[in-house]
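Numbering (this note's numbering), first residue to last: 902 to 1200.
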């Protein structure tokens, strides 16, 4: 196979996961399971067994983190002869033939760009119908760009993990995902390395992915009504911890660090004061600051 989807699963929500599997019928898929419950494993084994030639399953038996699981999936894709791998979370649903759309765009870009590394789908959260956009740095300021009519590709600094089509030869040169991060900012750190090594990243305006960002969506007022994903205190712990670990890396731009730190302060203030589980949110975020300052990633 020339290309494949790579899904990392961990106790996926059954209704959304079934929609995802239905959307991937007749397409090549590698699933790496991070120690899901028996029901999820049974569902996966039945689905993979329906088309064993195009569907591969790696059962890890324990949660080793999304970075390590993705690395195992990428290595299998390499053994299968893949050039392109489309990363998907277990709660992301491709619209249409997303893989083909992205591979066609990537192949066209490779003809004129030998430093091409990855291409990202347009992400839309179906709960809020909000398009997440693509991040790019303009004159030292981080901005979010959304597709407008007639646009094909948008140069950007990094992509969300889910919806990233990665060119495998570039991935081998850049290196694997950092497994010490376990879950959050795995893709952010990798894309910072991508840019530091002189490779190019783009957002695609052609393919759409429905992606559920966070456990739910909260609405708040800040000079106008806005929405943002709500996560548990445990997830905020890893987000904060890994953010501070990112600050130590010389290839991470100072502008990203400053912008991210402002977001962390807002996260601390909002979720510690207004969330329904404000106690666990405060504890998780503060533990993240402590371990981010005084702990060190493995290796």
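No residue lacks a Cβ here, since even glycine has one placed at the ideal position from N, Cα and C.
Item	Value
Residue burial classification, residue 1200 (beta-carbon count within 10 angstroms, cutoff 16)	Reliability of the predicted coordinates at residue 1200 is poor, the pLDDT of 47 falling under 50, and no value is obtained from them.
Supposed close pair residue 1047, residue 1058 - CB separation, criterion 8 Å	That pair is no contact at about 15 Å.
Those runs of the beta strand (DSSP E) which lie wholly inside the region 933-1008 and span at least 3 residues	956-960, 985-990, 993-996
Beta strand (DSSP E) segment containing residue 1110, residue limits	1101-1112
Backbone secondary structure at residue 1077 - three-state DSSP	coil
C-alpha distance - residue 1026 paired with residue 1060, whole-angstrom precision	15 Å
Element boundaries [alpha helix (DSSP H), containing residue 1084]	Taken as a continuous stretch (DSSP letters only), residue 1084 belongs to no alpha helix (DSSP H), as it is neither H nor E.
Cβ separation of residue 1107 and residue 1137, assumed to be a contact under 8 Å, to the nearest whole Å	The pair is not a contact, with the Cβ atoms about 34 Å apart (cut-off 8 Å).
Buried or exposed by the 16-neighbour rule on C-beta atoms within 10 Å, applied to residue 1166	exposed
Which of helix, strand or coil DSSP assigns to residue 1196	coil
As assigned by DSSP and simplified to three states, the class of residue 1095	helix
Simplified DSSP state of residue 1044, which is helix, strand or coil	strand
Extent of the continuous alpha helix (DSSP H) run through residue 911	No alpha helix (DSSP H) holds residue 911; DSSP gives it neither H nor E.
C-beta contact flag for residue 981 and residue 1003 at 9 Å	no
Straight-line gap, residue 1212 to residue 1102 (C-alpha atoms, nearest Å)	With the chain represented from 902 up to 1200, any question about residue 1212 goes unanswered, as that position is not in the structure.
Min CB distance residue 1159 to chain D below 9 Å	No chain D appears in the structure shown, which is made up of a single protein chain.
Cut-off 6 Å between Cβ atoms - residues of its own chain near residue 1192, not counting five sequence neighbours on either side	1142
Span of the alpha helix (DSSP H), counted from its first residue to its last, around residue 1141	1134-1148
Between the CA atoms of residue 1087 and residue 1052 - distance to the nearest angstrom	28 Å
Rounded straight-line distance, which links the Cα of residue 1085 to that of residue 1150	16 Å
Proximal residues to residue 996 (C-beta, below 6 Å), its chain only, five neighbours per side dropped	1109
Element boundaries [alpha helix (DSSP H), containing residue 1060]	It is not in any alpha helix (DSSP H) - residue 1060 carries neither H nor E in the DSSP assignment.
Straight-line Cα distance separating residue 1001 from residue 994	15 Å
Residue 1185 burial status per 10 Å Cβ neighbour count (16 or more: buried)	buried
Cβ-based burial, residue 1152 [other Cβ within 10 Å; buried from 16]	exposed
Residue 907 and residue 947 closer than 9 Å at C-beta	no
Candidates 1196, 1168, 983: closest to residue 1119 by CA position	1168
Proximal residues to residue 1131 (C-beta, below 7 Å), its chain only, five neighbours per side dropped	1115, 1116, 1117, 1118, 1119
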